[in-house]
Structures are given as C-alpha cells and as structure tokens.
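Participant: The sequence shown begins at 1 in this note's numbering and counts up by one.
We treat Cβ as the ideally placed atom computed from N, Cα and C, and that holds for glycine.
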Amino acid sequence: MSNPLNAANELRTQSPERLWALSAESVYSALAATATGEPIQERLEPHVRTEIIRTNDERGRDPVVSIHEWLLDELGLVDNSTISLLGMVVLISDEPQPFIRTATVARLQPAEMVLRSCNEIEEDNVPRRELDSLLADEWDETVLAPLLGSLGFMTIYPDSVDLNRERIDSSLSAQQTMSTETVVAEAYRDILSRVVESADAACLEDLVQRLIGTTPTKGELEMAEVANLASTQAITVDETEVEDAVRNQRQEYEDEFDQVRSLLVPSTEADLERVNTDQSVGLDDVSEDADLSADEREAALKVVATVAAYPVLATFDVHFVTERWPSVTPYSLYQALSSVPGVECEVSDGLVEFETVPEAVDVEAVRDEYTKHLVERCSDIQSRIDTLSQETVSFPPDPVATESMVVQDYESIDSGAIAPTYFTYTLVDPDALGEQKMDAYVGDSRGLGRERARLRRWHERRSSGLKPYTAMTDRLFSLGLERDIEDKVLRIMTPFDDDTFNEYVAQIRRLLEHGFELRLLTRHTKEPWEWRRLQRNLLSEIKEHRDRVTVRSYSRFKEHQRVTPDMDFRDLNEIGIHGKLQTVGAPEEGAALLGSANFMENSYDWNPECGIYTERTQFVDAAVEFFDIVWDISAADELSIERLQEIPDHQLVPTYYS
C-alpha cells in the first residue's frame, strides 16, 4: 500500500487519538507473519481482539492489514516482501518495541522533526494546539500524529497531549553518526547467532568476516545501531551467500584442524639447526635495538627455549603466544624472535618456522602448557566443524518474541476495560416473591401452577451470567459506597417510577450523605398523583439532602406549536424519555445498568425485562455521555424541589412550549 491515508482515516480514533489496532507489538506480529509466510491478518487477530476490549469498538480488518504492510515497508523492516537485515534484527530481539520506535524516528523525517520540537517543551502535558502547530499537512494530521500515539510516544486527547518523555528521549538520542560497516557486521553476528545457534563467538566472527569482510565488535546491538541500519538503504541477506560462507568456513576449519593436529603429533623430526653460543641466551641477550615490551621478550624467549629443548616442535603455533600474552601480535613476535641471538625463523599463516635456535636458553620451556593448548585448540576447532556440519541455514531467523508481544499488548489494557458484564433480567421468581404473592398469582390454575414450577427450576439452574435487575440495582448503588469514587454522581433515567424507589431510598440517602449528587431524568406528562408518589417514596425521605437532588424532565412535540389551556395533549404527538438507565461515578470507576426496566415494581418483579449491567470503562463512558447530553438539553425543564412540594394539579408542559 503506497498511500496510508485511506486506511488511517478508517482506523483513526478520537480520544485518545491513535490508529486502531496498531501498536509496536502488533507491528512485530505483522513482521513475524511475513517472516514465517503466514497471513498477516491471522497474526494480527489477537491484537485486534485486544483493541476491541480496549476501545469497545470494532473496525474493518482490511485497513488494519494495509496500515501494517505499509509501515513494515516504510520502516525498512521489509524490502519487496523480503525481511531486511533490520527486520531480522527486530525479529530476534526479546524486547523489539524500542527498536521499532527508533526505526520510526530514523526512517520518518517528519516524525523526528515533530518529536524534537516536542522535546523542547518543558512540560510533559501540553495543550493540543501546540502539537497541531507542528503538523504540516493532511498526512501529518491523519497518519503521523495518530501513528506516534499508537507507538507510545504520546497520548493525544482532544484538548491536550501527554508526552512519554523517556521514549522520545531514547529514540532521539539513538540518532547518531556511526560506522555503518561495523553496525552491519554486528547485525550479521547477532542474526547468525540465531541461525547457527551452537556457534561460539569466534566462529560467528569468522563467518561475518568471510561474508562482508568486516569483523564485528563485542557486545549486543543497541538502539543506536538500529537507528543506523534504519537510516541506510534496506539491506537484504542473500541466503545462498550465507550457505556458501558456512560451507567454506567449515572447510577452512577442517584444514586448520589438520594443521594443528600435525603440530601436536609431528610425523618426522624437524630439520632444525642448533647454534652454539658463548653462553646460555637470557632476557638480557635480546637485542636492545628493537623496541620490545617485557611481554614480547618473555614470549619470544619461552618459545625459543621450548623449541631448543624439543626440536620436534620447530613448527610452532602463533596462537599459543597471542592467547597467553594478549599484547603480543604475530608481527611483534617475529620482531622479538629476530632479536634473539642464534634464531632464524619465518612467521606466516599463524605458524613460526624455525631454521636455527641457540643450543642453550636460560628460560624455562613451556612444553606442557603448549601441548595442552594444542589439545584444546583441536577440540575447539572440531566443535566448530561439527557445528557448521549439522546446521541447516534458514533465513529469516525464527521470531523470538511472538507470544510475549501478544501478552504485553493484553497487559497494556486498562483494568477498567476488563470488568464484570452481566445480562440483567426480570422474570417471575417464585422464591423471591414469596408464597403469598405466588398463591394469589396462580390461584386454582393448573397451567399457572406448572408455570410456577418451571420458573422455579429455571431460577435454580440459570447460568452465572444472568443477574436479576434487583440485584444489579443494589450492586450499582452499593458500588458508590464501597469504592473511593471521585465523581460522586448517581444518574437515573426512568420514564416512569412507583413505590420501588422506596425500596432503595436507604441506599440513595447514604450516597447523598457521602457527598453524592442525584440527577433524575423523567417525563413531564405525570398526573398529580404520580408526583405525590415520587414525593412520598423518594423526595420526602431525603429532604435533608434535597440540595443534592436535581430532577429534570425531557419531552417534546413532533411539531413545534404554542400550547394553550384548551389543548388535548393526546393530539400533540409527544416524544420523550423512553430509555431506562442508571450510572454511578465516572467511567473508569463506576458502573452502568440499562435495559427495558422502568424504576417500577412490574419492571423489577413481574414483567419479562432484560438489560445489561457492566463496569467496563468504555461502556460506562458511553452510557454517561448519552445521559449527559439528554440532561444538558433538558436544563430548561428542570423542576425545582419547591415546585414539586406544591404538587402540580395539571400536566407539566415543557418550558420550551409554555
């Protein structure tokens, strides 16, 4: 996909602003799918399910796949459907998210510019307009900003932006000038360590040197190296070249093994001349003309002493010297040997070929250490031969963090997104209503008797996902008392009510005593006796807290007209509140109960009713948002408590029409 605008438009969320179902974790999963030849959509499905839980929203799968395919290509993780060297580095990382963010900054220049500008802002929370001022065009607004949100650089709200300073700083600081040659060598070493898993460090270095002509440095790849790889043209690994390198390196080890074994078990006596000197050669006899260190003098004398004592060792392994005296190089060893009286030799291909040595050397020979070195070296080389013989080279390497990426994506879900949700119902419950009520209901009817028995069995066996309206109303009110809720608001929308309020008035009173505010939304077309019932069952019971109780009605007419006393209200085509909704607290701390049940006895005890109770943040947020818009547009029809005490003797007419 060359242009991500269409997909971004379909996936863009509003608050916070990001690209739906895209994260650093999902990018890794898409890369892993490409590496293993699986459909990207299948690998992204766990992230899609996570996003549904997180947002309580669902989008099409095609734009989700498209935006990931575009990003893999844009970040240089994939080149023409082939996993790049950078992509392989990300694949083998245990924690690839920082690498993905670093690559984003390195590859997308607008991203770096925006983040550098954000980094100059001292506050971590900034007004939204400051971010908007940094976005140059539609692409920045539609793709870049939501992408930065999805990758965790910032959280973008409609009026503010929270900056993740740590991620911004680390990704920007990784953008530094480095030797690309060295970085590529290090990347090859790390990747080959996964492909040729049993290879030791020396074997890996040899393979990298053979492949690209550069020896990698020690240590693991860090973000700076990843940024360097991302900022260069995508590099792809030729599997055939790697196979050839492995095969040739194995042959080299086999030749080396034969050579070292010949040093350990020489077949014939060496043609070595021993030169007679006036006295035993010691450290003081090494020529002072050469600028030699103490290690170089000692190494040279001990080698000469060993060969002089054991002429069969006239061909000597240089590796013994460079391993035992790390500061000595093959060249400096040759210089030191050439300064020893009576020595003539040549150093090449890791061997010292002695022609002459002094008869007596005043330094202890190191034959035992040398023999042990040769035995160990033979063993090491044989191990490398075995390693390269058994391995089947396969690129790209297997992804190592596939499962952890899904787990981490799930763990990032806010706890409020995973909360109890119950199907709420009312269905006649013989045990709850009691024998007296049920006997009056059944009477002499055999059919109703069978119905009572069947209802009793259903209530006994019903699943745990079913909860009665009465129980869930009680739970919602109790939640406000059990939790430390900051947004102390109890919202109730019910077109009609009756004595049922009296059953919950004790809990409502306690909520008011704890500082809660009650907002009650109803319809205006109540008869005087209905207002008296509300007064008796609720308002009179909480009279000491009436300053925390607000009652509004919402009802309108389909055609605007002036209301006159002689009108028949039945002809006005009234519209009004029909929803039944209760919420407590803010979305992240409260609950919502909604469905078909009015706040009435029939709805709570008799009528077959159904609805939903949930504490899921996104669901409660939507319920509160809906209640609040109806509440706001009902402001003109707020009923004063004093007016309600007087009990209207006529139907209430919306203020808009009176």
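In angstroms with no decimal places, state the Cα-to-Cα distance between Val361 and Thr268.
Facilitator: What you label residue 361 is simply residue 361 of the sequence shown in a count that begins at 1. What you label residue 268 is simply residue 268 of the sequence shown in a count that begins at 1. C-alpha separation (whole angstroms): 24 Å.
Participant: Check for me: the alpha helix (DSSP H) holding Tyr469 runs from which residue to which?
Facilitator: Position 469 of the sequence shown holds residue 469. Element bounds for Tyr469: 469-482.
Participant: Could you check the C-alpha separation between Lys558 and Glu527 for me, to the nearest Å?
Facilitator: Counting from one through the sequence shown, the residue named residue 558 turns up at place 558. Counting from one through the sequence shown, the residue named residue 527 turns up at place 527. So the alpha carbons of these two residues sit roughly 21 Å apart.
Participant: Helix, strand or coil: which one does DSSP assign to Gly576?
Facilitator: Taking the first residue of the sequence shown as position 1, residue 576 is located at position 576. The answer is strand: DSSP assigns Gly576 an E or B state.
Participant: Please determine, among Glu486, Trp529, Gly480, Arg523, the residue with the shortest C-alpha to C-alpha distance to Arg509.
Facilitator: Numbered from its first residue, the sequence shown carries residue 509 at position 509. Of the candidates Glu486, Trp529, Gly480, Arg523, Gly480 places its Cα closest to the Cα of Arg509.
Participant: Would you call Glu660 buried or exposed, if buried means 16 or more other Cβ atoms sit within 10 Å of its Cβ?
Facilitator: Since the displayed the chain opens at 1 and closes at 658, residue 660 lies outside it and no answer follows.
Participant: Tell me the DSSP bridge mates of Pro127?
Facilitator: Numbered from 1 along the sequence shown, position 127 holds the residue referred to as residue 127. Note: Pro127 sits in a beta bridge opposite Ser160.
Participant: Might you give, ordered along the chain, the residues of its own chain that have their beta carbon closer than 6 Å to the beta carbon of Gln41, omitting 5 neighbours on each side?
Facilitator: The residue given as residue 41 occupies position 41 in the sequence shown. Arg61, Val65, listed in sequence order.
Participant: Quick check on the DSSP output: what are the complete alpha helix (DSSP H) runs of length 4 or more inside the stretch 63-151, in order along the chain?
Facilitator: 85-91, 97-107, 109-119, 128-132, 145-150
Participant: Just confirm the distance between the C-beta atoms of Val195 and Leu85, as a whole number of angstroms; I'd bet it's less than 8 Å.
Facilitator: As a position in the sequence shown, residue 195 is number 195, starting the count at 1. As a position in the sequence shown, residue 85 is number 85, starting the count at 1. For a cut-off of 8 Å, the C-beta gap from Val195 to Leu85 is around 13 Å, too long to register as a contact.
Participant: So the alpha helix (DSSP H) Phe320 belongs to, where does it begin and stop?
Facilitator: The sequence position of residue 320 within the sequence shown is 320, counting from 1. Here the alpha helix (DSSP H) through Phe320 covers 318-324.
Participant: Look at Val318 and Asp190 and say whether their C-beta atoms are less than 8 Å apart.
Facilitator: Here the question's residue 318 lines up with position 318 in the sequence shown. Here the question's residue 190 lines up with position 190 in the sequence shown. In this structure, Asp190 does not lie closer than 8 Å to Val318 by Cβ.
Participant: Looking at the secondary structure, which residues open and close the beta strand (DSSP E) in which Arg456 lies?
Facilitator: Taking the first residue of the sequence shown as position 1, residue 456 is located at position 456. Taken as a continuous stretch (DSSP letters only), Arg456 belongs to no beta strand (DSSP E), being part of the alpha helix (DSSP H) at 446-461.
Participant: Just curious, the alpha helix (DSSP H) that Tyr385 is in, first and last residue?
Facilitator: If you number the sequence shown from 1, residue 385 lands on position 385. What sits at residue 385 in the sequence shown is Ile, not Tyr. Where Ile385 is concerned, the enclosing alpha helix (DSSP H) stretches over 367-390.
Participant: To the nearest whole angstrom, what separates the beta carbons of Glu615 and Ala591, a pair I think is in contact under 8 Å?
Facilitator: On the sequence shown, residue 615 is found 615 positions in, with the first residue counted as 1. On the sequence shown, residue 591 is found 591 positions in, with the first residue counted as 1. About 5 Å; that satisfies the 8 Å criterion.
Participant: Closest to Thr583 by C-alpha separation, out of Leu539, Thr473, Asn164, Ser150, would be which residue?
Facilitator: In the sequence shown, the residue the question calls residue 583 occupies position 583. Closest by alpha carbon: Thr473.
Participant: For a minimum of 4 consecutive residues, which ranges assigned as the alpha helix (DSSP H) are wholly contained in the stretch 193-278?
Facilitator: 201-212, 223-231, 239-264
Participant: If you check the beta carbons only, do Asp439 and Glu601 fall under 8 Å apart?
Facilitator: On the sequence shown, residue 439 is found 439 positions in, with the first residue counted as 1. On the sequence shown, residue 601 is found 601 positions in, with the first residue counted as 1. Against a cut-off of 8 Å, the Cβ pair of Glu601 and Asp439 comes out as no contact.
Participant: In angstroms with no decimal places, state the Cα-to-Cα distance between Ala230 and Gln618.
Facilitator: On the sequence shown, residue 230 is found 230 positions in, with the first residue counted as 1. On the sequence shown, residue 618 is found 618 positions in, with the first residue counted as 1. Their backbone Cα atoms lie some 38 Å apart in a straight line.
Participant: Contact between the stretch 167-186 and the stretch 218-234 is defined here as three or more beta-carbon pairs at a separation below 8 Å; is this criterion met?
Facilitator: In the pairwise beta carbon analysis, the stretch 167-186 is classified as touching the stretch 218-234: at least three pairs are separated by under 8 Å.
Participant: Assign Ala592 to one of three DSSP states: helix, strand, or coil.
Facilitator: What you label residue 592 is simply residue 592 of the sequence shown in a count that begins at 1. Strand at Ala592.
Participant: Count the other C-beta atoms from every protein chain shown that fall within 10 angstroms of the C-beta of Asp238, then say buried if there are 16 or more, exposed otherwise.
Facilitator: The count along the sequence shown starts at 1 and reaches residue 238 at position 238. By the neighbour-count rule (16 or more Cβ atoms within 10 Å), Asp238 is not buried but exposed.
Participant: Can you tell me the Cα-Cα spacing of Glu486 and Leu521, whole angstroms?
Facilitator: Within the sequence shown, the letter at position 486 stands for residue 486. Within the sequence shown, the letter at position 521 stands for residue 521. Each residue's Cα considered, the two are about 22 Å apart.
Participant: Is it buried or exposed, Val407, if we count other Cβ atoms within 10 angstroms and call 16 or more buried?
Facilitator: By 1-based counting over the sequence shown, the position of residue 407 is 407. That one is exposed.
Participant: Let me check understanding here. Comparing Cα to Cα, which of Glu197, Asp140, Pro98, Leu91 lies closest to Leu108?
Facilitator: Stepping through the sequence shown from its first residue, residue 108 is reached at position 108. It is Asp140 whose Cα lies nearest to the Cα of Leu108.
Participant: Tell me the residue span of the beta strand (DSSP E) that contains Pro528.
Facilitator: Here residue 528 refers to the residue found at position 528 when the sequence shown is read from its first residue. Unbroken run through Pro528 is the alpha helix (DSSP H), 528-537; no beta strand (DSSP E).
Participant: Three-state secondary structure (DSSP) at Thr617?
Facilitator: Against the sequence shown, residue 617 aligns to sequence position 617. If DSSP states are grouped into helix, strand and coil, Thr617 belongs with the helices.
Participant: Determine the direct distance from the alpha carbon of Ala8 to that of Phe599, and round the result to whole angstroms.
Facilitator: Residue numbering aside, residue 599 sits at position 599 when the sequence shown is read from its first letter. Residue numbering aside, residue 8 sits at position 8 when the sequence shown is read from its first letter. Taking the straight line from one Cα to the other gives about 44 Å.
Participant: Ala111 to Thr104, Cα distance in whole Å?
Facilitator: The sequence position of residue 111 within the sequence shown is 111, counting from 1. The sequence position of residue 104 within the sequence shown is 104, counting from 1. About 7 Å.
Participant: Use the C-beta contact count for Tyr656: other C-beta atoms within 10 angstroms, 16 or more gives buried, fewer gives exposed.
Facilitator: The residue labelled residue 656 in the question sits at position 656 within the sequence shown. Per the 10 Å Cβ criterion, exposed.
Participant: Tell me whether Arg548 sits in a helix, a strand or coil according to DSSP, three-state version.
Facilitator: For the purposes of this step, residue 548 is identified with residue 548 of the sequence shown, where counting begins at 1. Note: Arg548 maps to helix in three-state DSSP.
Participant: When the Cα of Leu476 is compared with those of Arg491, Gly465, Gly213, Ser463, which residue comes out closest?
Facilitator: Sequence index remark: in the sequence shown, residue 476 carries index 476 (1-based). The residue with the shortest Cα to Cα distance from Leu476 is Arg491.
Participant: When you compare only the Cα positions, how much space is there between Tyr310 and Ala234?
Facilitator: One-based indexing of the sequence shown puts residue 310 at position 310. One-based indexing of the sequence shown puts residue 234 at position 234. Whole-angstrom Cα-Cα distance: 56 Å.
Participant: Just to check my reading of the structure: Val343 and Val304 have Cβ atoms closer than 8 Å, yes? What is that Cβ distance to the nearest angstrom?
Facilitator: Your numbering for residue 343 matches position 343 in the sequence shown. Your numbering for residue 304 matches position 304 in the sequence shown. That belief holds up - the Cβ atoms of Val343 and Val304 are roughly 6 Å apart, short of 8 Å.
Participant: Ignore the nearest five residues each way along the sequence and tell me which others in Val489's own chain have a CB closer than 6 Å to its CB.
Facilitator: Residue mapping note: residue 489 aligns to position 489 of the sequence shown, counting from 1. Excluding residues within five positions, the ones whose Cβ falls inside 6 Å are Glu517.
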